[in-house]
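Here's the structure we're looking at; comments come further down.
In our numbering, the protein residues as written are 95 to 224.
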């Protein structure tokens, strides 16, 4: 009986370590994504997407070069109990260099952990910066 309890404790510890690593990986991934958006590296930001099976289109990167982000602020972040999905709400303030009018976008992001690739991917698509 003690052997089974010890085995169960080890499995729980491994599971907690795995969740902690996924959480750290999520933070690192979203930090890199934020920086790509903030500094206008839109093609790099698009590499965080995984839109298979959706009707999402590739952004027009030439048009996006006219967009300058002034603020990217995390409002909410939560990793689901499944440990395989996460949700973030961010506020993005930006302007188009053609009109210089600052706009605000609330971007509700849905992230999913890919076990095969051991990476987080953004499933909700590229923010609509216009």
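Backbone N, C-alpha and C define an ideal beta-carbon position, used for all residues, glycine too.
Note that the structure is a prediction, hence the values are computed from the model and not measured.
| Check | Outcome |
| --- | --- |
| Extent of the continuous alpha helix (DSSP H) to which residue 158 belongs | 155 to 158 |
| Residue 191 beta carbon less than 8 angstroms from that of residue 160 | yes |
| Contacting residues, own chain, Cβ-Cβ under 7 angstroms from residue 200 (five flanking each side not counted) | 183, 185 |
| Backbone secondary structure at residue 213 - three-state DSSP | strand |
| Buried versus exposed, by CB contacts within 10 Å (16 or more), residue 139 | buried |
| Spatial distance of residue 174 from residue 158 (CA atoms) | 32 angstroms |
| C-alpha distance - residue 205 paired with residue 126, whole-angstrom precision | 14 angstroms |
| C-beta contact flag for residue 162 and residue 189 at 8 angstroms | yes |
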